[in-house]
Amino acid sequence: MQGHVDEHRAGGVMRAGEQLPELRVTPDKYLTVRYAGASGDFNPIHIDEEFAKAVGLPGKILHGLWTMAQVARAQTEAAGGPEALRRLSVQFRGMGVPEQELVVRSTVREVADGVATIDAVAEQSGKKIIRNARAEVRIDRS
Amino acid sequence: MPVSTEAVGKTYPPVVYAVGREKVREYAAATGESNPVHLDPEGARAAGYADVVAPPMFAVVYSAPAIGPAILDPEVGMNFATMLHGGQEFEWGPVVVAGDEITTAATIKDISERGGMGFYVFESTSTNQRGETACRATWTNIVRGV
Numbered sequence: 068m069q070g071h072v073d074e075h076r077a078g079g080v081m082r083a084g085e086q087l088p089e090l091r092v093t094p095d096k097y098l099t100v101r102y103a104g105a106s107g108d109f110n111p112i113h114i115d116e117e118f119a120k121a122v123g124l125p126g127k128i129l130h131g132l133w134t135m136a137q138v139a140r141a142q143t144e145a146a147g148g149p150e151a152l153r154r155l156s157v158q159f160r161g162m163g164v165p166e167q168e169l170v171v172r173s174t175v176r177e178v179a180d181g182v183a184t185i186d187a188v189a190e191q192s193g194k195k196i197i198r199n200a201r202a203e204v205r206i207d208r209s
Numbered sequence: 335m336p337v338s339t340e341a342v343g344k345t346y347p348p349v350v351y352a353v354g355r356e357k358v359r360e361y362a363a364a365t366g367e368s369n370p371v372h373l374d375p376e377g378a379r380a381a382g383y384a385d386v387v388a389p390p391m392f393a394v395v396y397s398a399p400a401i402g403p404a405i406l407d408p409e410v411g412m413n414f415a416t417m418l419h420g421g422q423e424f425e426w427g428p429v430v431v432a433g434d435e436i437t438t439a440a441t442i443k444d445i446s447e448r449g450g451m452g453f454y455v456f457e458s459t460s461t462n463q464r465g466e467t468a469c470r471a472t473w474t475n476i477v478r479g480v
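Protein chains in written order, with this note's numbering: chain V, 68 to 209; chain P, 335 to 480.
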């Protein structure tokens, strides 16, 4: 099952040093509730404002794995489909919150043997909430 | 209190997850996917897939029933009050589509302590019904003040 999604390919050939298109998304007030249902992670720090404040958080915080999914989406949208993404690793730092724009920035580090290695960060209000993200994306799908 | 490393190497029974079309669509919508291969069975078929394709990060959904008991295991003994999800890694094989059955096995890869923090590293391997590795994952949780 290879090469079926080329009509969605947006990025063309990736080269070292190239920036991929930025992904910008603003999670709405109830996003964490929908993601809790979709993922099965109902930790109340993500869905209950009062509980989150009671444990010292500013309010409901985003699920780290939702934010990681945005980093993944930035890669698959740039590469032309879900099959392209071979590997993704991230470090979670800080906390994401609803109703603030999230920006994923990705830079191609190197290209070898049909695989692009990409560095990415996810920021909200200038604060990195995912850093040291590293993706491997297959660009040669022949 | 120093961290206990007794549970390192412990394995948990594999868990089978049946990938459903509406679950994939729900997950894709919640994570902002717009590619029709994730959302529209017709679009997926037109692109050559048997049914809607799970976005790569859907791995968290089919892995959860296997990794959950490891994270909650009293023998591992994480203090959830001060636990943070520190890092995560996935390595993917063939894409997962609705109708697949994914079997995931979890293990405790490492437990260590540095600078007053406990590092708990879990590993999961997810295999599809054809015996192919759909995903390998490493889950790192950090517990402050151990």
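Backbone N, C-alpha and C fix where the C-beta goes; we use that ideal spot for every residue, glycine too.
(request) Excluding the 5 residues preceding and the 5 following A362/P in the sequence, name in chain order all residues of the same chain whose CB lies nearer than 6 Å to its CB. (result) Excluding positions up to five away in sequence, the list reads H372, L373, P389.
(message) If the criterion is Cβ atoms closer than 9 Å, does the pair A341/P and D407/P meet it?
(response) Contact: yes.
(request) Consider the Cβ of K443/P: report whether some Cβ of chain V lies at a distance smaller than 9 Å. (result) No, no contact with chain V.
(message) I want to see whether chain P comes within less than 9 Å of H71/V, judged by CB atoms only; does it?
(response) At H71/V, the pLDDT of 40 sits below 50, so the modelled position is not reliable; the number obtained from the coordinates is stated separately. Answer yes: the Cβ-Cβ gap between H71/V and chain P drops below 9 Å somewhere.
(message) Using a Cβ-Cβ cutoff of 8 Å, what residues of the region 129–158 of chain V are near chain P? List them in chain order.
(response) Interface annotation for the region 129–158 of chain V against chain P: G131, L132, W133, M135, A136, Q137, A139, R140, T143, E144, G148, P149, E150, L152, R153, R154, L155, S156, V157, Q158, criterion Cβ-Cβ distance under 8 Å.
(request) Specify whether the region 150–157 of chain V and the region 422–430 of chain P touch according to this definition: at least 3 beta carbon pairs, one from each stretch, less than 8 Å apart. (result) Contact holds: three or more Cβ-Cβ distances are below 8 Å.
(message) Against R101/V, what residues of chain P qualify as contacts under a CB-to-CB distance less than 9 Å, listed in chain order?
(response) In chain order: E360, A363, A364.
(request) Check the Cβ-Cβ distances between A179/V and every residue of chain P, and say whether any is below 9 Å. (result) No, A179/V does not count as interfacial toward chain P.
(message) My output table needs one value for A83/V: the three-state DSSP class, helix, strand or coil.
(response) The DSSP-derived three-state label of A83/V is coil.
(request) Scan the region 355–439 of chain P and note each continuous beta strand (DSSP E) run of 3 residues or more that stays entirely inside, going in chain order. (result) Runs of the beta strand (DSSP E) inside the region 355–439 of chain P: 417–426.
(request) Please compile the residues from chain P whose C-beta is within a distance smaller than 9 Å of the C-beta of A202/V. (result) Using a Cβ-Cβ cut-off of 9 Å, A202/V is close to nothing in chain P; its nearest Cβ partner there is about 10 Å away.
(message) For a test of the three-state rule: what should DSSP assign to T339/P, helix, strand or coil?
(response) Coil, per DSSP.
(message) Counting only Cβ-Cβ distances shorter than 8 Å, please list the residues of the region 91–120 of chain V near chain P, keeping chain order.
(response) Along the region 91–120 of chain V, going in chain order, the ones with a CB nearer than 8 Å to a CB of chain P are V92, L98, R101, Y102, G104, A105, S106, G107, D108.
(request) For chain V, find out if any of its Cβ atoms is closer than 9 Å to the Cβ of P389/P; answer yes or no. (result) At a cut-off of 9 Å between beta carbons, P389/P contacts chain V.
(message) Quick test of the definition: if touching needs 3 or more C-beta pairs under 8 Å, does the region 157–174 of chain V touch the region 77–93 of chain V?
(response) Judged by Cβ distances under 8 Å, the region 157–174 of chain V makes contact with the region 77–93 of chain V, as three or more pairs qualify.
(request) Starting from I112/V, follow the alpha helix (DSSP H) in both directions and report where the run begins and ends. (result) According to the DSSP assignment, I112/V belongs to the alpha helix (DSSP H) that extends over 111–114.
(request) Starting from F424/P, find everything on chain V with Cβ-Cβ shorter than 9 Å and list it in chain order. (result) Counting only Cβ-Cβ distances below 9 Å, F424/P has contacts in chain V at M135, A139, L152, R154, L155, S156, in chain order.
(message) Our contact map puts A105/V next to A432/P with C-beta atoms below 8 Å; I'd like the distance itself, whole angstroms only.
(response) In this structure, A105/V and A432/P do not form a Cβ contact; the two beta carbons are roughly 14 Å apart against a cut-off of 8 Å.
(request) Pull up the distance between the alpha-carbon of A179/V and that of R478/P, whole angstroms please. (result) Approximately 39 Å between the Cα atoms of the pair.
(message) Which residue wins for smallest C-alpha separation from C485/P, given the options G411/P, R379/P, T438/P?
(response) This structure does not reach residue 485/P, given that chain P is present from 335 up to 480, and the question cannot be answered.
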